[in-house]
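> Numbering-wise, the sequence shown is residues 141 to 324 according to the numbering used here.
My questions will all concern the structure given below.
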Amino acid sequence: MNRRVIIITDGDSIAKKVIEKAAAMTGCRTLSISSGNPTKVKGSEMVKLIQCVKYDPVIVMADDRGDTGRGNGEKVIDYLIKSEEINVMGIIAVASNTQNASGIRVNCSISKDGKISKNSVDKHGNIKESKVLVGDTVNTINPSSVSLVVGIGDPGKMGCTGGIDSECSILAKAINIIISAYHI
């Protein structure tokens, strides 16, 4: 049985805490070893680790540390999407302030206030007028190879009035959108 996976395009230490808590809130498992800024685990290693997790959905992190171009985070995402040994349910695309990034078109986004929008958000979770989310680890993702892309601001750095708990709720909402759309 192929494990079901949700990819989050962030993995620094602050995001990791938010991701782990949001995963627990939604009944998912986090592959914490996938964290890092940038991600250090290779795609093939990550697939093997995913297959060892006791239950799914499995949340994995992929981060490029703000590098433009194709960094390890994007290489990992590409490998996971193409792997026949796992099922990528969707991607949670994290916005950043990376300059000269083309971004990715999202299906929807969740603002720092928890509102679902058809448009993208910025790093701080504010809704933008465009559907294109700019982030450092999303540039080379082909949205047609993934069923669902949900945009969010930078976990742990959106400055939500409810603090880290609010940020966990936003991420949990994004996770639940992907789970619901996947028809588990």
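Ideal Cβ placement from N, Cα and C applies to all residues, glycine included.
For clarity, every value in this text was computed on a predicted model and none was experimentally measured.
Go ahead and pull the three-state DSSP assignment for Leu273.
Three-state DSSP puts Leu273 in a strand.
> Bridge partners for Ser257 per DSSP, in chain order?
Bridge partners of Ser257: Ser249.
> Which residue marks the beginning of the alpha helix (DSSP H) containing Val289, and which one marks its end?
No alpha helix (DSSP H) contains Val289, which is instead part of the beta strand (DSSP E) from 289 to 292.
> What residues in its chain sit with their C-beta under 8 angstroms from that of Lys313, if we drop five residues either side in the sequence?
Ile250, Gly254, Ile256.
> With H, G and I counted as helix, E and B as strand and the rest as coil, what does DSSP make of Val228?
Three-state result, Val228: strand.
> Would you mind listing the beta strand (DSSP E) stretches within the region 177 to 215 that are 3+ residues and don't spill past its ends, in chain order?
The region 177 to 215 contains these whole beta strand (DSSP E) runs: 198 to 201.
> Going by Cα to Cα distance, which pick from Ile231, Lys252, Asp276 is closest to Ser242?
Cα-wise, what sits closest to Ser242 is Asp276.
> Return yes when the Cβ of Leu220 is within less than 9 angstroms of the Cβ of Val289, no when it is not.
Not closer than 9 angstroms, so no.
> Could you please give the first and the last residue of the uninterrupted alpha helix (DSSP H) stretch that includes Ile154?
Note, Ile154: alpha helix (DSSP H), 153 to 165.
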